[in-house]
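Everything below concerns the one structure shown next.
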Amino acid sequence: ESGGSTRASVKGDLLDSVDSAVPGAPQVINLLKENGKKVFFVTNNSTKTRKMYVDKLSVLGFNAKEDEVFGTAYCSAMYLKTVCKLEGKVYLIGSNAMREEMEAVGLQQTGVGPDHVLGKQTDWANVPLDPEVKAVVVGFDEHFSYMKLNRAMQYLTQPGCLFVGTNRDTRLPLEGGKAVPGTGCLLQAVETAAQRQAQTVGKPNHFMFDCVASQFGVDPDRCLMVGDRLDTDIMLGSNCGLKTLLTLTGVSTVADAEAHQKSGCAERQGMVPDYYVESIAELLPALQG
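Start counting the sequence shown at 1; every next residue gets the next number (my numbering).
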């Protein structure tokens, strides 16, 4: 594109790799920024603060600033603070990173860490609750337990208690084709127990892009969403009116996209990207030219 115009790129496929970046990805991102493009990093992973992600990105070779990173730990805190205007504590099923992001915006929380089962079932039903808790938030929690599930249910039966989830990803892909259960599994358990639906803030919910747009004033018509998952990254782009680019270095395939396109289902059509590439590295020649 010519002139001094600026296009914002929202990247969703670079932050969840365990120890390495997609080959060529750092060079593409850094060149985009050198050419005056705004680049933002969005992730459904709630186990790191923005600063932790910047440190990780730096090690991987990306030039990134803290205010360019939008993870669900940060976005959950912003949702409670700016949209819900929460006055009260949060019962948090989540990580220390989520606790830190909430504390950074002035939100008090309780719940992080192990919570073991004690007593009998009658004791569980009458578990002590903090009367100041006005919201339950569910993110990834390696200490998730029956007692946490029970405590969340008890809070959520109280009138006016808000219910927020970071994301609905049911599996966390790992290197070597392996995976572990994701936050969506924990969130569904709490929803089932509480007989309530949570409001999610992560991809594909539009709130994640709202955070970017409200802070940087980006125009959706001039944004490209890049990601490797159809049901989160590409759907987010569709939900927010962005152009979308699928990279085939993750879990989604062209065959998956074609199946959605042929389905005739409006919701599945939202998972059809505008463009696809084998890898984001394919953009390098155009940027270097």
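Backbone N, C-alpha and C fix where the C-beta goes; we use that ideal spot for every residue, glycine too. Note that this is a predicted model, so its numbers are computed, not measured.
Setting aside the 5 residues that flank it on each side, L107 is surrounded in the same chain by A77, L80, K81, L86, V90, each with a C-beta closer than 7 Å to its C-beta; the list follows chain order.
Around H206, the same chain offers N239, C240 as residues with beta carbons nearer than 6 Å, after the five sequence neighbours per side are excluded. Taking 7 Å as the cut-off, the beta carbon of A179 is found no closer than this to the beta carbon of L149.
A check of alpha carbon separations from A21 across V69, C265, Q109, V59 identifies V59 as the nearest. Across the structure, K56 and D219 are spaced so that their CA atoms are roughly 28 Å apart.
The beta carbon of V28 sits closer than 7 Å to the beta carbons of I280, A281, L283, L284, L287 from its chain, once the five residues preceding and following it are set aside; these are given in chain order. The Cβ atoms of S95 and D115 do not sit closer than 7 Å to each other. Using a Cβ-Cβ distance cut-off of 8 Å, the stretch 118-136 and the stretch 148-163 are in contact, since at least three pairs of beta carbons, one from each stretch, lie closer than that value. Counting along the chain, A193 sits inside the alpha helix (DSSP H) bounded by residues 183-194. Under the three-state reduction of DSSP output, G176 falls in the helix class.
Restricting attention to beta strand (DSSP E) runs no shorter than 3 residues, the stretch 10-90 encloses them at 38-43, 69-71, ordered along the chain.
Going by C-alpha positions, C84 is about 38 Å away from E258. In the structure shown, the three-state DSSP call for T122 is helix. The beta carbon of G182 is closer than 6 Å to those of D169, T170, R171, L172 in its chain, skipping five residues each way along the sequence. One alpha carbon belongs to G250, the other to D228, and they sit about 5 Å apart.
G61 and M52 have their C-alpha atoms some 14 Å from each other.
The Cβ atoms of I93 and D141 sit closer than 7 Å to each other. When rounded, the separation of the alpha-carbon atoms in Q109 and T253 is 40 Å. Per DSSP, the beta bridge partners of R171 are P181. Around the beta carbon of A125, fewer than 16 other beta carbons sit within 10 angstroms, so the residue counts as exposed. Taken atom to atom, the span from the alpha-carbon of K243 to that of T122 is near 54 Å.
Per DSSP, the continuous alpha helix (DSSP H) segment holding L284 begins and ends at 284-288.
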